[in-house]
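Engineer: Numbering (the numbering used here), first residue to last: 753 to 1572.
Positions of the beta carbon are idealized from the N, C-alpha and C atoms, including for glycine.
Source: prediction; values computed, not measured.
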Amino acid sequence: MKSFILFLGLFMCFTFTYSQTSVNLLDKQGLITGKVLDSKLQQPLPYVTIVVKNKSGITITGGITDDNGDFKITSVPDGDLVVSVQYIGYKTVSRNITIDKNNKNIELGNILLEEEATSLNEVTIVAETSTIEQKVDRKVINVGKDLTTSGVSASDIMNNIPSVSVDQQTGNISLRGNENVRVMVDGKLSNVPVAQLLKQIPSTSIKSIELITNPSAKYNPEGMSGIINIILHKNTKLGFNGNLNFGLTKEINARFNSSIDMNYRNGKFNLYGNYGNNIGSNTNYGTIYRAFNESEQNVNFLNNNKSHLYKVGLDFYMNDKNTLSFFTNQNLYDGKGNGVTTIYYDNAPTEIQDSNDETDNNTSQYNLAYKREFKKEGEQLDIEVDYNVFDQNQTANFDFTNIPTTDYTDHVDTNRDQTTINVDYVNPLNDNTKLELGGEVRLFNSEIYYDSSGFTFNSEGNIAPTPSTDFDYGRNIYSAYATFGKNYEKWTYQVGARFESVTVDAEALRYTESGTEVIPFENDYIQVYPSAFLTYNPSDKNTYQLSFSRRVDRPGLQQVNPIREWSTPLISSYGNTELQPQFTNSIESNYTRKLKNGSLTAGVFYRIIEDEINRAVFIDRLDLEKVILSYDNFSNTSAYGLELSSNYRPTKWWSFNASFDLYSRKQKGVTEILSTTVDNATIDDISTQTVTADNVVWNFRVFNNFKVTKQLALSLFAMYRGREEGIQLNRKPMYFVNSGLRYSFLQDQRATFSFNYNDIFNTMQFRFDGDTPYPSTGEFNWESNTWNVSLAYRFGGGKYRALSRKQRDNNVKSGEGGFM
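1) So if DSSP puts Ile1135 in a beta bridge, which residue, or which two residues, is it bridged to?
2) Is any heavy atom in the ligand HEM found nearer than 8 Å to the beta carbon of Thr850?
3) Taking its Cβ as the centre, do 16 or more other Cβ atoms sit within 10 Å of Ser1291, making it buried, or is it exposed?
4) If you run the structure through DSSP and keep just helix, strand and coil, what is Val1312?
5) Taking the continuous alpha helix (DSSP H) assigned at Asp908, which residues delimit it?
6) Per DSSP, which residues does Asn1514 bridge with? Please list them.
7) Note down the Cα distance separating Val1454 from Ala1470, rounded to an integer number of angstroms.
8) If you reduce the DSSP assignment to three classes, tell me which class Asp1500 lands in.
9) If you check the beta carbons only, do Thr1218 and Val1193 fall under 9 Å apart?
10) What would DSSP say about Leu797, mapped onto helix, strand or coil?
11) Going residue by residue through the region 944-1019, where are the continuous beta strand (DSSP E) segments of at least 3 residues, counting only ones entirely within it?
12) Tell me whether Asn1026 sits in a helix, a strand or coil according to DSSP, three-state version.
13) Between which two residues does the beta strand (DSSP E) holding Val937 run?
14) Express the C-alpha separation of Val837 and Asn862 in angstroms, rounding to a whole number.
15) Report the rounded CA-to-CA distance for Tyr1085 versus Phe1505, giving the unit in angstroms.
16) What residues match up with Val834 in a beta bridge as DSSP calls it?
17) Please say whether Leu1189 and Tyr1177 have beta carbons closer to each other than 9 Å?
18) Kindly confirm or deny that the region 998-1012 and the region 1354-1367 touch, where touching means at least three C-beta pairs closer than 8 Å.
19) Would Thr844 be called buried (16 or more neighbouring beta carbons within 10 Å of its own) or exposed?
20) By a C-beta neighbour count over all protein chains shown, 10 Å radius and 16 as the cutoff for buried, is Glu1241 buried or exposed?
21) Of the residues Leu949, Asp1134, Thr1244 and Gly1025, which one's Cα is nearest the Cα of Phe1285?
22) Indicate the three-state DSSP secondary structure (helix, strand or coil) for Asn1045 in the structure shown.
23) Name the two residues that bound the continuous beta strand (DSSP E) containing Lys1346.
24) Check Asn1275 in the structure and name its three-state DSSP category.
25) Below 8 Å, how does it come out for the region 1489-1499 and the region 1457-1470: are there three or more Cβ pairs, yes or no?
26) Please check the pair Ser1010 and Ile983, which I expect to be a contact at CB under 8 Å, by giving their CB distance rounded to whole angstroms.
27) Do the region 1345-1353 and the region 1267-1283 touch if we need at least three Cβ pairs shorter than 8 Å?
28) Could you give the residue range of the beta strand (DSSP E) that holds Val1256?
29) Less than 9 Å between the C-beta atoms of Pro973 and Gln1297, yes or no?
30) Which word fits Lys1063, buried or exposed, when buried means at least 16 other C-beta atoms lie within 10 angstroms of its C-beta?
31) Return the CA-CA distance between Asp1112 and Leu1381, expressed in angstroms with no decimal places.
32) Does the Cβ of Ile1229 have 16 or more other Cβ atoms within 10 Å, making it buried, or fewer, making it exposed?
33) Less than 9 Å separating the beta-carbons of Asp1446 and Gln1419?
34) Buried or exposed, going by whether 16 or more other CB atoms sit within 10 Å of the CB of Leu950?
35) Are there 16 or more other CB atoms within 10 angstroms of the CB of Ala1581, so buried, or fewer, so exposed?
36) Between which two residues does the beta strand (DSSP E) containing Ala1465 stretch?
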C-alpha cells in the first residue's frame, strides 16, 4: 500500500511537471487566425496563400485558406513578424505583428483583398495603348488594343514592334536586320515553320512580346540576333471566364479569322482552352526584268490557306508550394497554292510555268511541368518535359509551255519529332545574391522523303528520271548552365556560362538508275557560351546596362537539305550538307530614362560573327540561263548599330510609341558570273567571285493612339524602311501608313468593335535591283491595301460561380459524377 501511494505520488509529480513543461512549450508558440474576403463582393476567397516572414524577409511558416476563406497558422515562434496575404489577380496585403509571452494569439479578423488592375489587364482587360518596358536582359512590349486591332495575326503586328521586320513575301522574320533569330511561344520552340506559326496565332491572344537580344546562359544559345518570345494570355481567374473574337480582312480576297479562349477555375484546379483560326486567300504578284536577254518574268500566285490552332490545359495547385500543369497544342494546316510564271522575250516565244501546290500538316505538342516552391522565398525548382511532333505532306504539279522540259509532279513528306527536358533551380543565397542552375536535353529527328515524276540530265548529259531522295537528320543537344547574380545599392551584376555537347548524324539516300547514292555527314562539337550583365541605377529615373553573350547559329534543316526546296523556270534552291555552325560574340549597352509621362530607351550593339553563313549563287551547268541558290560559310565579319525607342503621352488624349534603329551590316556571299553572253558561253566561261554587301540600313516606326472619348479611340501607324544592299539584290526604300478605329461598348466595355485600313497609300511594295549573277530589276506586291473589321467580346467574370455551386451542392443529396 505504501509502495502504491509512493508510485501515485511520483506519477502525479511527473504528470504535473510534464503538464507544466507542455504549457511552457505551448506558451512559446504563437497562433495566427483570420479570414480573407473579396473587398467588393464581401465573399470568402479559398486557397489564398498566407506567408509569415521575419524582419529579414526569410519565410518562417505559412498556410492557405479553406473553402470559407478562414486560415489558422499554429506553432509560430516569438518575434516581430510580417504576415503576407497573396493571391493571383489581387493586391498583396501585409500586416506587421509581434508575438511574445504576453501576446500569443493574433486574431487578424477579416482581411479584404482588392483586385489588381495590372493583373486584370493580363487576363481580360487589355490596356488601350501598348507599352515598352526595358528589363535587365530583354525589352518587353506589352500588347494593347492599338496593336491587336492593327492586324489579325502575330505576323501582321510584328512589323509594328521595334527592331523587328517581317518579309511579307516569305513570312520570314528578322531582328535588327538579321533573320538568324529564334521565335518562341511561351518560352518554347515549335516544330511549326515560323512563317506559318506567326499566321496561326491570333493577335488578340498575345499578351506581350519579349525581345531578348542578348540572352543569358539560362537560355538556348541559338540565334545570332537573339530570341523573340511571344507570351499568350492565360486566364486563371476563379469561375468561368472567356474572350471571343471575330475578324474579316479584304482587299482582293477575303480572309476570316476568329478565336476563343476560356477557363474554369474552382479551388485547386484551373482548366483552360483556346481555339483560333485563319481562313482565306491571298494574292502575290511581281515582275522581274533582265536586261541582258531582254526578258520580263511575271509571277502571280494565289494561296488559299486554312489553319486551326487548339490548346487545352490543366493546372493543379496541389498546395501552396507545389503546382502541376499539363497542356497540349494541336495545329492543323491546309494550304493550296496556284501560280503562273510567264516569261516574255522580245525575240522568242513566251514561256509559261503553271504550278499548283497542296500542303497539309499537323503539329502536336504535349507539355508536362512541375513547379516546387521551397520555404525560403524565391527558392524554386522547375521540371518540364515537352514533346513535339510535326507531319507534313506536300504535292506540287508543274506544267510548262514553250519550255524544253517535261511536266512533272513533286511529292515531299516530312516527319519531325522533338523531345525537350528542362530542369531549372533558383536559390536566393541571401537578400542580394541569387544562384541559378539547370540542364537541358533536346532530341531532334527529321525525315524528309522526296519523289518526282520529272526528268533531268545526268552527269553524262543524258535524260534520266529525277532521283528520289530520302533525307534523315538527327541532332541531340545536352547542355548545363549556371548563373550567379548579386545586387548592391545601385549596382547589379550577373555572370554565367552554358556548356553544350552537340551530335549531328544525318545522311541523304539518293535513288538513281545506277543505284543508291549515300551522302552521309556528321557535325559533332562541344562549346561554352558565357554571358555577363551589369546594371547601374543611380536613381529611380535612370538605368544603365551593359551585357555580353556568345551565341550560335546551327545550320537550319532547309539550309543543309540536299532536296530541292523550290524551283521556277530560271531559279532552283538547294541546301548544302557541308555547312558548319556560325558563332556570334555580341556586346550591347542600353540606357533607360523614365519620364513624367513615359520613358526613353537608347542602345548600341556590336557583333563579331565567326564562319558566317550566307547565300551562294551558282550558274546551272546544265542550262547556263538558270541559277542555283544555296548556302556556304564565309570568313569572319561584324555588325554594329544603335536603337532608340520611346513611349510617351503628351496629353490625356494622345499617346505614341516611336522607335528608330540604324545598323551597319557586312554580308559575304559567293556568286558565279559569265565572261561572255549566255548565247555564246560555255562552262569554261564561268568564273566565281566573292560578293560583299557593306551598307548602313535605318528604319523608323511610330504608333499614335488618340482617345476621342472613353469608348472611342483612333490609331495611326507609319513605318519607313531604308534601302538595303544584299548579296544578290538591293532592296529599295519602302514605307506605309495604317489607320484604325476602336469602339468599346456594353457593360464594363465588354465588347470592342474595330476597323482598320492598312497601307492607305498602297506603297507597301518590295522593289529591288541587282547585278549578280545577272543585272535585273523588279518588284513584288501582295494584298497590303486592306480593310479589316473585328468584334471582340469578353464574357464570364463570375469569380464565385464555382464556389456558389459547391454551396448549393451541400444542400442536396450527394451523388457521383458531374464536373469538379
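Structural biologist: The relevant details are as follows:
1) Note: Ile1135 sits in a beta bridge opposite Tyr1122 and Val1175.
2) Absence of the ligand HEM from the depicted structure is noted, as is the absence of any ligand whatsoever, leaving it without description.
3) exposed
4) helix
5) Ala906 to Ile909
6) Answer by DSSP bridge pairing: none, since Asn1514 is not bridged.
7) The straight-line gap from Cα to Cα measures roughly 6 Å.
8) Helix.
9) For Thr1218 and Val1193, no; Cβs fall outside 9 Å.
10) coil
11) 958-964, 978-984, 991-1002 and 1006-1018
12) In this structure, Asn1026 counts as strand in the three-state DSSP scheme.
13) Val933 to Val937
14) 12 Å
15) 28 Å
16) As a beta-bridge residue in DSSP terms, Val834 pairs with Lys805 and Asn848.
17) Cβ atoms of Tyr1177 and Leu1189: closer than 9 Å.
18) Put simply, the region 998-1012 does not touch the region 1354-1367. Fewer than three CB pairs are less than 8 Å apart.
19) exposed
20) exposed
21) Thr1244
22) Looking at Asn1045 - three-state DSSP - the assignment turns out to be coil, as it is neither helix nor strand.
23) Gln1334 to Leu1347
24) coil
25) yes
26) Their Cβ separation, rounded to whole angstroms, is 21 Å, which puts Ser1010 and Ile983 out of contact at 8 Å.
27) no
28) Trp1243 to Thr1264
29) no
30) buried
31) Their Cα atoms are separated by approximately 26 Å.
32) buried
33) yes
34) buried
35) The first residue shown for the chain is 753 and the last is 1572, placing residue 1581 beyond what the model contains.
36) Leu1464 to Arg1473
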